[in-house]
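The structure under discussion appears below in the form of structure tokens.
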Amino acid sequence: VGHITNGDMMATTLLQGLMNTFVYFLARMISRPLMERNYWMGFAVYMALQFMLSVLAMIPICWFSRRREFRADAFAAHAVGAQSMASALQKIEALSQRTLASEHREEGMSEDALATMKIHGQSTGFSHLFATHPPTEARIAALRALPRKP
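So the sequence shown is residues 37 to 186, counted in this note's numbering.
This is the structure we're talking about:
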């Protein structure tokens, strides 16, 4: 409900569109001189730039998504209480870890395989840049830092 009330889907869609437009024009501007000399070489450079710039454009989009997640959590905390929201986040995290771990164990996947795919655990270093949600611990800390209701 917090995402809807805060207009997160619309804001994220607009940001994604803006970033896609920026990527398109930048890749086009850089590759155009090459395309005029050798079309296929320029086209290959254009496609490579599209890919690389699209990956880089995900960094601010994911940052924006993480910020909006904190706002949605604050909205929910205002509605149901910060402690209730923190408790819900802890339960969801614990349940999802148990569920995925047991499902993948049945399929013969080890915990290391889960960690490699970044299905669970903390996103650290470079992978943190592409996380759409903040770590659960950070979300709970932000909820606990909210002013208490009278």
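Glycine included, C-beta positions come from ideal geometry on N, C-alpha and C.
Discussion item. Let me confirm a value: residue 103 is counted as buried when at least 16 other C-beta atoms fall within 10 Å, else exposed. Which label applies?
Written reply: Translated into the one-based positions of the sequence shown, residue 103 becomes position 67. Result: exposed.
Discussion item. Going by DSSP, what residue range makes up the alpha helix (DSSP H) through residue 53?
Written reply: Position 17 of the sequence shown, counted from the start, is the residue given in the question as residue 53. From DSSP, the alpha helix (DSSP H) with residue 53 extends over 44-73.
Practice prompt. Would you identify the three-state DSSP class for residue 188, choosing helix, strand or coil?
Written response: Residue coverage of the chain in this structure runs from 37 to 186, which leaves residue 188 outside it and unanswerable.
Worksheet item: Expressed to the nearest angstrom, what Euclidean distance is found between the alpha-carbon atoms of residue 47 and residue 54?
Response: If you number the sequence shown from 1, residue 47 lands on position 11. If you number the sequence shown from 1, residue 54 lands on position 18. If you take the alpha carbons of residue 47 and residue 54, they lie about 11 Å apart.
Worksheet item: With DSSP run on the structure shown, which of helix, strand or coil describes residue 168?
Response: Residue 168 sits at position 132 when you count from the first residue of the sequence shown. Of the three classes helix, strand and coil, the one that applies to residue 168 here is coil, per DSSP.
Discussion item. Beta-carbon within less than 7 Å of residue 62's beta-carbon, same chain only, minus the 5 sequence neighbours each way: which residues are those?
Written reply: Position 26 of the sequence shown, counting from 1, holds the residue named residue 62. Only 89 meet the Cβ criterion.
Worksheet item: On the three-state DSSP scale, how would you describe residue 78?
Response: Position 42 of the sequence shown, counted from the first residue, corresponds to residue 78. In this structure, residue 78 counts as helix in the three-state DSSP scheme.
Worksheet item: Got a sec, what are the start and stop residues for the alpha helix (DSSP H) residue 38 sits in?
Response: One-based indexing of the sequence shown puts residue 38 at position 2. Where residue 38 is concerned, the enclosing alpha helix (DSSP H) starts and stops at 38-41.
Discussion item. Can you find the residues in the same chain that come closer than 7 Å, C-beta to C-beta, to residue 169, ignoring five residues on each side of it along the sequence?
Written reply: Position 133 of the sequence shown, counting from 1, holds the residue named residue 169. Excluding sequence positions up to five before and after residue 169, its CB lies within less than 7 Å of the CB of 102 and 105, all in the same chain and listed in chain order.
Discussion item. Closest to residue 98 by C-alpha separation, out of 67, 49 and 115, would be which residue?
Written reply: Within the sequence shown, residue 98 is the residue found at index 62, counting from 1. Considering only alpha carbons, the answer is 49.
Worksheet item: Who are the Cβ neighbours of residue 153 in its own chain at under 7 Å, not counting the five residues just before and after it?
Response: Locating residue 153 in the sequence shown gives position 117, where the first residue counts as 1. Annotation note: pLDDT 40 at residue 153 (below 50); position unreliable, coordinate value reported separately. Excluding sequence neighbours, residue 153 sits near nothing in its chain.
Practice prompt. Can you tell me which of 38, 45, 182 and 37 puts its alpha carbon nearest to the alpha carbon of residue 118?
Written response: The sequence position of residue 118 within the sequence shown is 82, counting from 1. Among 38, 45, 182 and 37, the Cα nearest to that of residue 118 is on 182.
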